[in-house]
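Engineer:
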Amino acid sequence: PHSRGRVVSDKTSGFLVAPEDNASELNPLLRLPKGVRRGYALLPPLLKVLSDQGHQNWESEAPRLQPDSRALRYMKRLYKMSATKEGIPKANKSHLYNTVRLFTPCSECKHRHRDLMKGDVHSVDLLFNLDRVTALEHLLKSVLLYSFDTSVPISSSITCMCHLSVKEHDFSSQVCPSFSHSIAFSLHFEVRKRKWVEIDVTSFLQPLIATKRRNIHMAVNFTCLVGDPQQNTKLENPINVALVPPSLLLYLNDTSEQAYHRWNSLRHRRKNPARPRQRNSLLVEPTGDKGEGKPQGKRA
Amino acid sequence: SRRRRDENLKEAPATPPYNLSEYFKQFLFPQNECELHNFRLSFSQLKWDKWIIAPHRYSPQYCKGDCPRVVGHRYGSPVHTMVQNIIYEKLDSSVPKPSCVPAEYSPLSVLTIEPDGSIVYKEYEDMIATKCTCR
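Residue numbers (this note's numbering), protein chains in the order written: chain A, 204 to 503; chain B, 24 to 158.
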């Protein structure tokens, strides 16, 4: 039998769960063969359930932080688009991701946020904590997700300008960090067709996420005006969409063995030769309304 | 079919049956044979609905039943299974008979709330048993 000390020092058990989950105390599971144990990393709460003698403690688990309701709606829609009602991943949707994480910004640097709100209502300081992203989850695409509230007037067209700056932490300073690099986007869309605006920031955030940066601090200046400059419509009446801070959406390929690997499965089923993995070809996007979840061509 | 009939004859009880038609039915329609059984649960039953947002229900299914003495192609069992059966019967009954276990699975998409309040959509491998075998 494994002693507690041996379990902790067993390197193979490191994959089982994150250190904070106290799962290394689960001696019965660690007696299982490695291949079987691997599966228990799937859902740490399952491991906790199996570990609790008498199943008394797990039901009284500390309540989790509740996510933003808008974010929840978006993710439910993404779920409906990606899986059947029974929860089976849709086979005909040839997306490459098997994991999508949605982060809402932390409430850090609020003092700075308030100061900016006085002078420039559209500039928002955002801090995203990406601790939940595991080392085996590889970024395919990252998106800033804005939602329009219903008070936005139904308009034929809206043009938005977004200026995004990522900040580097200066630990010697008590105030918020300084800017490191920035990028500007311009978007045009029709409000009546979509409640969500997705800004692809993959190329911008890729280096940060690839280097396992746990906290991403950015300033977003998002300004929307009614009108379409391409159709010579005069831009007027700014719309306050930036008051609701955007969420950060990460489309990931989890390479761990417990995650479902669609391409492996398709290869096995069709006996086709290996299809090349194209990192940026995400073919499903939960942009919601009619015709917006189409393959990447339109979005590109 | 002849091979199967031969297998069945090996399992014939020592006492001759009185009702021959009933006797042969058990070979034509074997009872309690290893097969996939339906099982459906609701995450709220486990009080997991606090952190699993979707799906609400889950059908993991399960495999249950007796493994025949001679497992054929139907179960896709390896030769080892037959050897284990012979060991059980002829050499050492403390070695277990082959077990009825899942052979194939399908994945499941799950939408969960993480402890930090973030939301994650994830597709997990091997969540629903779809085929059984004797091993």
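Every residue, glycine too, gets a C-beta built ideally from N, C-alpha and C.
Bridge partners for Leu348/A per DSSP, in chain order?
Structural biologist: Glu401/A and Ser450/A, per the DSSP bridge assignment.
Engineer: Compute the beta-carbon to beta-carbon distance between Ala462/A and Tyr147/B, rounded to the nearest angstrom, for a pair I have assumed lies under 8 Å.
Structural biologist: That pair is a contact at about 7 Å.
Engineer: To the nearest whole angstrom, what separates the beta carbons of Ser100/B and Thr156/B, a pair I think is in contact under 8 Å?
Structural biologist: 6 Å between Cβ atoms; contact.
Engineer: Quick one: using the 10 Å Cβ neighbour count with 16 as the cut-off for buried, is Val327/A buried or exposed?
Structural biologist: Counting Cβ neighbours within 10 Å, Val327/A comes out buried, since at least 16 surround it.
Engineer: With 8 Å set as the bound, which would you pick, yes or no: does the beta-carbon of Leu329/A sit closer than that to a beta-carbon of chain B?
Structural biologist: No - not a single Cβ of chain B is within 8 Å of the one on Leu329/A.
Engineer: Checking the sheet assignment: what are the DSSP bridge partners for Pro292/A?
Structural biologist: Ala286/A.
Engineer: Tell me, please, whether the CB atom of Glu401/A is closer than 8 Å to any CB atom in chain C?
Structural biologist: Of the protein chains in this structure, namely A and B, none is chain C.
Engineer: To the nearest angstrom, how far is it from the Cα of His384/A to the Cα of Asp271/A?
Structural biologist: Distance between the alpha carbons of His384/A and Asp271/A is about 29 Å.
Engineer: Check distances from the C-beta atoms of the segment 57-70 of chain B to those of chain A and list, in chain order, the residues that come in under 7 Å.
Structural biologist: Here the close residues are Lys70.
Engineer: Between which two residues does the alpha helix (DSSP H) containing Asn424/A stretch?
Structural biologist: Segment Asn418 to Val429 is the beta strand (DSSP E) holding Asn424/A; no alpha helix (DSSP H) there.
Engineer: Counting along the chain, where does the alpha helix (DSSP H) carrying Thr104/B start and finish?
Structural biologist: Val102 to Ile109 is the span of the alpha helix (DSSP H), which, as asked, contains Thr104/B.
Engineer: By the 9 Å beta-carbon criterion, what residues does the segment 137-156 of chain B contribute toward chain A?
Structural biologist: So the close ones are Glu137, Pro138, Asp139, Gly140, Ser141, Ile142, Val143, Tyr144, Lys145, Glu146, Tyr147, Glu148, Asp149, Met150 and Ile151.
Engineer: Closer than 8 Å by beta-carbon distance: list the chain B residues that pair up with Pro270/A, in chain order.
Structural biologist: Simply Ile136, Gly140, Ser141 and Ile142.
Engineer: With respect to the beta strand (DSSP E) encompassing Pro138/B, which residues constitute its N-terminal and C-terminal limits?
Structural biologist: Premise fails: Pro138/B is in no beta strand (DSSP E) and is neither H nor E.
Engineer: To the nearest angstrom, how far is it from the Cα of Val239/A to the Cα of Cys365/A?
Structural biologist: For Val239/A, the pLDDT reaches just 48, beneath the cut-off of 50, and the residue's location in the model is therefore unreliable, although a value from the coordinates is still provided. Answer to the nearest angstrom: the Cα atoms are 48 Å apart.
Engineer: Please decide whether Tyr22/B counts as near chain A, where near means a Cβ-Cβ distance under 8 Å.
Structural biologist: Because chain B here runs from 24 to 158, residue 22/B falls outside it and cannot be looked at.
Engineer: Could you list which residues in chain B have their beta carbon closer than 7 Å to that of Leu281/A, in chain order?
Structural biologist: The answer, in chain order, is Tyr144.
Engineer: Indicate the three-state DSSP secondary structure (helix, strand or coil) for Glu148/B in the structure shown.
Structural biologist: Three-state result, Glu148/B: strand.
Engineer: Opposite Asp89/B in the DSSP bridges: which residues?
Structural biologist: DSSP lists Glu56/B as partners of Asp89/B.
Engineer: Residues in the same chain with beta-carbon distance under 7 Å from Lys87/B, minus the five sequence neighbours each way, listed in chain order, please.
Structural biologist: Here the set comprises His60 and Cys123.
Engineer: Against Ser285/A, what residues of chain B qualify as contacts under a CB-to-CB distance less than 7 Å, listed in chain order?
Structural biologist: Under the 7 Å cutoff, chain B gives Ser132 and Tyr144.
Engineer: Alpha carbon to alpha carbon, how far is Val94/B from Pro119/B?
Structural biologist: Roughly 15 Å between the two C-alpha positions.
Engineer: Grouping DSSP H, G and I as helix and E and B as strand, with all else coil, what is Lys73/B?
Structural biologist: Lys73/B: coil per DSSP, three-state reduction.
Engineer: Taking CB distances under 8 Å as the criterion, tell me whether Tyr463/A reaches chain B.
Structural biologist: Yes - at least one Cβ of chain B is within 8 Å of the one on Tyr463/A.
Engineer: If Ser300/A sits next to Asn456/A, beta carbons under 8 Å apart, how far is it from one beta carbon to the other, in whole angstroms?
Structural biologist: One detail in the question is off: residue 300/A reads as Tyr in this sequence, not Ser. Confirmed, about 6 Å.
Engineer: At what residues does the beta strand (DSSP E) containing Thr302/A begin and finish?
Structural biologist: Thr302/A -> beta strand (DSSP E) spans Thr302 to Phe306.
Engineer: Can you list, in chain order, the residues of its chain with a C-beta nearer than 6 Å to that of Lys145/B? Leave out the 5 residues immediately preceding and following it.
Structural biologist: Result list for Lys145/B: Val133, in chain order.
Engineer: DSSP beta-bridge partners for Val369/A?
Structural biologist: According to DSSP, which records beta bridges pairwise, Val369/A is partnered with His384/A and Met421/A.
Engineer: In this structure, does DSSP put Pro410/A in helix, strand or coil?
Structural biologist: The answer is helix: DSSP assigns Pro410/A an H, G or I state.
Engineer: Val253/A by DSSP, collapsed to three states: which one?
Structural biologist: Looking at the sequence shown, residue 253/A is not Val but Leu. DSSP places Leu253/A in helix when its eight states are reduced to three.
Engineer: Alpha carbon to alpha carbon, what distance is there between Ser360/A and Thr307/A?
Structural biologist: Distance between the alpha carbons of Thr307/A and Ser360/A is about 27 Å.
Engineer: Tell me whether Lys154/B sits in a helix, a strand or coil according to DSSP, three-state version.
Structural biologist: In the structure shown, Lys154/B sits in a strand (DSSP, three-state: E or B).
Engineer: Who are the Cβ neighbours of Ser450/A in its own chain at under 6 Å, not counting the five residues just before and after it?
Structural biologist: Closer than 6 Å at the Cβ level, and outside the excluded window around Ser450/A, lie Ala274, Leu305, Thr307 and Leu348.
Engineer: So, Pro78/B versus Met150/B, is the Cβ gap smaller than 8 Å?
Structural biologist: No.
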